[in-house]
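Take any residue in the sequence shown, note its place counting from 1, add 513, and you have its number in this note's numbering.
Note sheet for the following structure.
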Amino acid sequence: MLEQAFQNEIRRHQFWPTGAKVIVATSTGVDSMVLLTLLQRLPTALKPQLIVAHVNHELRTESVAEEAYLRQFCLENDLALQVTHWPLQQHPQTGIEAAAREFRYQFFEHLMTAEKVDYLVTAHHGDDQLETLMMKFIRSGELHEMRGIQSQRPFADGTLIRPLLPFAKQDLRDFALANNITSFEDQTNYETTVLRNRVRHTLVPFLKQENGQILQNANRFSQQLTALLGQQAQLTTTLLPLLDLKVTDKVINGQLKAIKTLPTAQQTAIWQLIIKQHFPQISPLKETQLQQLKQLIQSTVKPQGQLALGQRILFTKIYDRFQIGETTIGEIAAKDEKSRTLMLNKWCVLPNDEQIGIFEINHLPRKLSGQQLIWLADEQWPIVAKPCQLTDTIMIDKTHHKTLKRLFIDLKVPHERRQNSWGIWSQETLIGHPEFRISALFNHEQTGKIRYVLCYISE
Numbered sequence: 514m515l516e517q518a519f520q521n522e523i524r525r526h527q528f529w530p531t532g533a534k535v536i537v538a539t540s541t542g543v544d545s546m547v548l549l550t551l552l553q554r555l556p557t558a559l560k561p562q563l564i565v566a567h568v569n570h571e572l573r574t575e576s577v578a579e580e581a582y583l584r585q586f587c588l589e590n591d592l593a594l595q596v597t598h599w600p601l602q603q604h605p606q607t608g609i610e611a612a613a614r615e616f617r618y619q620f621f622e623h624l625m626t627a628e629k630v631d632y633l634v635t636a637h638h639g640d641d642q643l644e645t646l647m648m649k650f651i652r653s654g655e656l657h658e659m660r661g662i663q664s665q666r667p668f669a670d671g672t673l674i675r676p677l678l679p680f681a682k683q684d685l686r687d688f689a690l691a692n693n694i695t696s697f698e699d700q701t702n703y704e705t706t707v708l709r710n711r712v713r714h715t716l717v718p719f720l721k722q723e724n725g726q727i728l729q730n731a732n733r734f735s736q737q738l739t740a741l742l743g744q745q746a747q748l749t750t751t752l753l754p755l756l757d758l759k760v761t762d763k764v765i766n767g768q769l770k771a772i773k774t775l776p777t778a779q780q781t782a783i784w785q786l787i788i789k790q791h792f793p794q795i796s797p798l799k800e801t802q803l804q805q806l807k808q809l810i811q812s813t814v815k816p817q818g819q820l821a822l823g824q825r826i827l828f829t830k831i832y833d834r835f836q837i838g839e840t841t842i843g844e845i846a847a848k849d850e851k852s853r854t855l856m857l858n859k860w861c862v863l864p865n866d867e868q869i870g871i872f873e874i875n876h877l878p879r880k881l882s883g884q885q886l887i888w889l890a891d892e893q894w895p896i897v898a899k900p901c902q903l904t905d906t907i908m909i910d911k912t913h914h915k916t917l918k919r920l921f922i923d924l925k926v927p928h929e930r931r932q933n934s935w936g937i938w939s940q941e942t943l944i945g946h947p948e949f950r951i952s953a954l955f956n957h958e959q960t961g962k963i964r965y966v967l968c969y970i971s972e
């Protein structure tokens, strides 16, 4: 039953021309081994030339046996096989899952180029779709992130194809059992410290129990949302001329008058499209940023203003016009001669001859007087250093503020140090004093923020 349904899916979508080369991502898990078997059994008119691609992540001792089995399987079935290893010394201390995925897809991209292949096939199935949608909803609920997994999308210079999306995980297990397909199960898939595993083993079974058609509903939702967002993008493109955009040297200038009259949804779509087209290095704007942007644009009290969009990209309002682009030290200095913009992994020399800087963990300077961990989101850049006022306040825990005057008294900071003290700021928020205290808003790990080290060198 699964085999015939799979053939119908391939025939209906015509994912590849007859006899085309196709790379099959194969981990030796039940999903990918079933996919490989189904592809092997396709009728001649539908069957592509298969190149099996396997990544040994060197994360588990079982990986050795899995690779050995796949090599023997491909030898016995006359299948081309390409294997790569992810060396232990390249494994990061944190974010291992994301880093492994990046390494894996870099290998697939390299292989597509080297073998002159236009198609990559992976074994994502209906349960993966539902898990992904639930995780995205839990993490953000941002509409542009809710598309889910697409059955095909551009990848490298070719196409990434997921022909198993209409099928449930249990369908694959049943097929493997009925056809004596050998596979290996990764026991880390049961570790509840991972969000996907918690969703997989608790939330998804509950949803299936409530509605046996939930996987079909998830796929339908993903397809309809993708189509809707595509239509929105087309409409938004027709509205861009109203902004009188001018693009020069990575800076966008435009007219605000027309966009103020548009509905909020269309304004949002326009800003997201501009960011996607001209500043792909930054993430799509979050809801809070969009709200701040709308307030700045509509404000009659504030004819000029700025908003950080991430990666040191600023939105600047100048009366009825706007500018989006990178901020330079000169521009900041022109605005406030007493301020300094901190550039990542570089020291900033202050007028009192002290030095401060924000550094990535792997770029820490050898010589420094002190350091403090700090967590920042992309949209909180640029970070500026400027003189502190004793009346400035800083968050000392989740609910309490304290003036710098009181903080200095509590810490018994000498009077001369209080009068010549510099802090670091994100827009109008005091992040902290590099020597004494970091705000409770920035001193602990948070979702969507990156860990840095605030360093300083005293006189």
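Each residue gets a CB set at the ideal place from its N, CA and C atoms; glycine is no exception.
Legend entry - Unbroken alpha helix (DSSP H) run spanning residue 800, endpoints: Where residue 800 is concerned, the enclosing alpha helix (DSSP H) stretches over 800-811.
Inset, instruction - Can you give me the Cβ contacts of residue 964 inside the same chain, cut-off strictly under 6 Å, excluding the 5 residues immediately before and after it? - result: Here residue 964 has 888 as same chain residues with Cβ atoms under 6 Å from its own Cβ, once five neighbours each way along the sequence are excluded.
Inset, instruction - Would you decide whether residue 848 is buried or exposed? Buried here means 16 or more other CB atoms lie within 10 Å of its CB. - result: Any reading at residue 848 needs caution, since the residue's pLDDT is 42, under 50, leaving its predicted position unreliable; the model's value is listed next. Burial call: exposed.
Legend entry - Which listed residue (623, 609, 630, 530) has its alpha carbon closest to that of residue 536: Residue 630 is the option with its Cα nearest to residue 536.
Inset, instruction - Please classify residue 893: is it buried, with 16 or more other beta-carbons within 10 angstroms of its beta-carbon, or exposed? - result: Its Cβ being crowded by 16 or more others within 10 Å, residue 893 is buried.
Legend entry - Simplified DSSP state of residue 784, which is helix, strand or coil: Three-state result, residue 784: helix.
Legend entry - Alpha-carbon to alpha-carbon, residue 596 and residue 624: Going by the C-alpha atoms only, they are around 10 Å apart.
Inset, instruction - Taking residue 613 as part of the alpha helix (DSSP H), name the residues at either end of that continuous run. - result: Following the DSSP letters along the chain, one finds residue 613 inside the alpha helix (DSSP H) bounded by residues 609-627.
Inset, instruction - Let me know the beta strand (DSSP E) ranges lying completely inside the segment 672-722, each 3 residues or longer, listed in chain order. - result: For the segment 672-722, not a single whole beta strand (DSSP E) run of length 3 or above is found.
Inset, instruction - Give me the Cβ distance between residue 765 and residue 758, rounded to the nearest whole Å; I'm assuming they're in contact under 8 Å. - result: Confirmed, Cβ separation roughly 6 Å.
Inset, instruction - Would you be able to state if there are at least three C-beta pairs under 8 Å between the segment 907-927 and the segment 874-887? - result: No, because fewer than three Cβ pairs between the segment 874-887 and the segment 907-927 fall closer than 8 Å, the two stretches do not touch.
Inset, instruction - Rounded to whole angstroms, what's the CA-CA distance from residue 717 to residue 646? Just pull it up for me. - result: Taking the straight line joining both Cα atoms gives about 11 Å.
Legend entry - Cα-Cα separation between residue 834 and residue 903, rounded to whole angstroms: Going from the Cα of residue 834 to the Cα of residue 903 covers about 37 Å.
Inset, instruction - Answer yes or no: do residue 749 and residue 806 have a C-beta to C-beta separation smaller than 7 Å? - result: With contacts defined by Cβ atoms closer than 7 Å, residue 749 and residue 806 do not form a contacting pair.
Inset, instruction - Rounded to whole angstroms, what's the CA-CA distance from residue 581 to residue 788? Just pull it up for me. - result: A direct Cα-to-Cα measurement between residue 581 and residue 788 gives close to 46 Å.
Legend entry - Beta-carbon proximity list for residue 842, same chain, < 7 Å, skipping 5 on both sides: The pLDDT assigned to residue 842 is 36, lower than 50, so where the model puts this residue is not dependable; a value taken from the coordinates is nonetheless given after this. Taken in chain order, the residues that qualify are 854.
Inset, instruction - Output yes or no for whether 7 Å exceeds the beta carbon distance between residue 797 and residue 657. - result: Yes; because the gap between Cβ atoms is below 7 Å, this pair is in contact.
Inset, instruction - Express the C-alpha separation of residue 616 and residue 599 in angstroms, rounding to a whole number. - result: When rounded, the distance between both Cα atoms is 7 Å.
Legend entry - Touch test, the segment 649-663 against the segment 521-535, Cβ-Cβ under 8 Å, three pairs minimum: Touching, no, given that fewer than three Cβ pairs across the two stretches are closer than 8 Å.
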